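Residue numbers (our numbering): 130 to 392.
Each residue gets a CB set at the ideal place from its N, CA and C atoms; glycine is no exception.
For clarity, every value in this text was computed on a predicted model and none was experimentally measured.
The next block holds one structure in the form of structure tokens; read it before the comments.
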Amino acid sequence: MSKERIGSRLSGAAFTRGMLADQEKAAVLREFGGQGLITDVLGVIGDGKEATVYCCAADASTGVELLAAKVYRAQKFRAFAHARDYASARVVLDARKGRAMKAPTEKGRRMAHHAWIDWEWETLCALHDAGVSVPSALAASDDAILMEYVGDREGPAPQLRHVELTIEQARAALARLLQDVERMLDLHRVHGDLSAYNVLWWQERPVIIDVPQSVDLHASRDGLPHLLRDVRNLERYFARYGLSADGFAEGAWRRYLRGELGG
Numbered sequence: 130m131s132k133e134r135i136g137s138r139l140s141g142a143a144f145t146r147g148m149l150a151d152q153e154k155a156a157v158l159r160e161f162g163g164q165g166l167i168t169d170v171l172g173v174i175g176d177g178k179e180a181t182v183y184c185c186a187a188d189a190s191t192g193v194e195l196l197a198a199k200v201y202r203a204q205k206f207r208a209f210a211h212a213r214d215y216a217s218a219r220v221v222l223d224a225r226k227g228r229a230m231k232a233p234t235e236k237g238r239r240m241a242h243h244a245w246i247d248w249e250w251e252t253l254c255a256l257h258d259a260g261v262s263v264p265s266a267l268a269a270s271d272d273a274i275l276m277e278y279v280g281d282r283e284g285p286a287p288q289l290r291h292v293e294l295t296i297e298q299a300r301a302a303l304a305r306l307l308q309d310v311e312r313m314l315d316l317h318r319v320h321g322d323l324s325a326y327n328v329l330w331w332q333e334r335p336v337i338i339d340v341p342q343s344v345d346l347h348a349s350r351d352g353l354p355h356l357l358r359d360v361r362n363l364e365r366y367f368a369r370y371g372l373s374a375d376g377f378a379e380g381a382w383r384r385y386l387r388g389e390l391g392g
């Protein structure tokens with residue numbers, strides 16, 4: 130299948146965000162429309178550090194009305210400074226590939242770009258299959274992932290940081306998120322950037338998003354610091370409800386090391 134690199138022909142001098150968005154939308158429609166998964170790209174629903182998310186009209190064959198296409202920017206347009214470091218740490222590669230990804234060359238940038246996308250695809254699929262509250266992934270191309278749209282025709286689901294919950298909702302949400310953190314650990318993964326910014330609130334439940342920077346515990350020894358930071362970030366939001374996860378991260382890490390999670 131022909132997969133044109135999105136934004137690959139834009140020079141630094143000619144680049145504008147609008148030009149890139151037009152190319153991205155055309156490429157999304159060509160790629161996923163060609164697979165019979167979408168019929169139109171309706172507009173932008175999120176514009177983050179490393180990617181833009183588009184709301185798409187889903188083909189009737191998918192059984193849903195809307196889907197989301199997350200399009201990753203070429204390395205030269207990304208604001209996420211440590212993309213190559215994350216990619217080389219989280220993907221189990223041979224030494225030569227790891228060195229190539231860190232090198233400031235076009236080959237290294239391409240390898241890191243592909244690894245970034247492949248890792249999010251693999252992680253979304255693994256987490257969803259394990260029951261973690263993440264969007265389901267439907268298809269992937271060289272530059273994008275087509276996934277479940279969280280929201281409705283009125284708009285995307287809000288970030289948790291913008292939501293005021295009842296005490297009962299907050300307790301249930303924190304419990305679910307900590308359960309998801311444990312399920313991720315059982316899959317040898319730590320989110321690495323979990324906070325109320327990367328959790329959506331939809332239909333009375335939290336949905337975790339943005340997992341490309343998740344830490345592969347097979348390839349990194351830094352799991353506990355990332356886990357501690359994730360849990361502290363969640364606690365910052367839930368503190369307004371008088372809720373805490375004190376000791377959770379350390380306890381979960383001990384159970385992980387002893388192989389006591391899951392089951």
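Endpoints, the alpha helix (DSSP H) within which Gly352 is located:
Its alpha helix (DSSP H) spans residues Gly352 to Phe367.
To which residues of the same chain is Asp322 closer than 7 Å at the C-beta, ignoring the five residues directly before and after it?
By the criterion of a C-beta distance shorter than 7 Å, Asp322 is surrounded in its chain by Asp339 and Gln342, once the five residues flanking it on both sides are discounted.
Please identify the residue among Asp351, Leu314, His317 and Glu293 whose C-alpha is closest to the C-alpha of Arg334.
Proximity to Arg334 across Asp351, Leu314, His317 and Glu293 peaks at Glu293, based on C-alpha coordinates.
At least three beta-carbon pairs within less than 8 Å, the stretch 266–285 to the stretch 297–310
Contact between the stretch 266–285 and the stretch 297–310 is absent, with fewer than three C-beta pairs closer than 8 Å.
Of the residues Leu256, Phe367 and Leu158, the one placed nearest Arg290, counting alpha carbons only:
With distances taken between Cα atoms, Arg290 lies closest to Phe367.
Reduced DSSP secondary structure (H/G/I, E/B, other) of Ala244:
It is helical.
Could you name the residues of the same chain whose beta carbon sits closer than 7 Å to that of Asn362, not counting the 5 residues immediately before and after it, in chain order?
If the five residues before and after Asn362 are omitted, its C-beta is found closer than 7 Å to the C-beta atoms of Leu323 and Ser324, all from its own chain and listed in chain order.
Assuming Arg387 is part of the beta strand (DSSP E), what are its boundary residues?
Run containing Arg387: none; DSSP gives neither H nor E here.
Using 8 Å as the cut-off, can you tell me whether the stretch 344–356 makes contact with the stretch 300–307, which would need three or more C-beta pairs spanning the two stretches below that distance?
No, the stretch 344–356 does not touch the stretch 300–307.
As assigned by DSSP and simplified to three states, the class of Asp281
DSSP places Asp281 within a strand segment (E or B) once states are collapsed to three.
According to DSSP, simplified to helix, strand and coil, what is Lys199?
If DSSP states are grouped into helix, strand and coil, Lys199 belongs with the strands.
Closest by C-alpha distance to Arg300, when choosing among Tyr370, Ala273 and Ser270:
For the residues Tyr370, Ala273 and Ser270, the minimum Cα distance to Arg300 belongs to Tyr370.
Which term fits Lys178, buried or exposed, when burial requires 16 or more other beta carbons within 10 angstroms of its beta carbon?
Counting Cβ neighbours within 10 Å, Lys178 comes out exposed, since fewer than 16 surround it.
Can you name, in chain order, every residue of its own chain whose Cβ lies under 7 Å from the Cβ of Leu314, other than the five neighbours on each side?
Beyond the five residues adjoining it in sequence on each side, Leu314 comes within less than 7 Å, by CB distance, of Ala381, Tyr385 and Leu390 in the same chain, given in chain order.
Opening and closing residue of the alpha helix (DSSP H) in which Leu307 lies
Element bounds for Leu307: Ile296 to Asp315.
Any idea what DSSP makes of Gly321, helix, strand or coil?
Note: Gly321 maps to coil in three-state DSSP.
Excluding the 5 residues flanking Val263 on each side, which residues of the same chain have their C-beta closer than 6 Å to its C-beta?
Setting aside the 5 residues that flank it on each side, Val263 is surrounded in the same chain by Leu253, Leu256, His257 and Ile337, each with a C-beta closer than 6 Å to its C-beta; the list follows chain order.
Val157 (DSSP reduced to helix, strand or coil):
Note: Val157 maps to helix in three-state DSSP.
Rounded to whole angstroms, what is the Cα-Cα separation between Glu160 and Val261?
Going by C-alpha positions, Glu160 is about 28 Å away from Val261.
From the DSSP output, read off the bridge partner residues of Ala268.
Note: Ala268 sits in a beta bridge opposite Leu275.
What three-state label does DSSP hand Leu171 in the structure shown?
Annotated three-state conformation of Leu171 is strand, per DSSP.
For Ala259, which residues does DSSP report across the bridge?
None, per the DSSP bridge assignment.
Going by the CB atoms, is the gap between Leu316 and Ala378 shorter than 7 Å?
No, the Cβ-Cβ distance between Ala378 and Leu316 is not below 7 Å.
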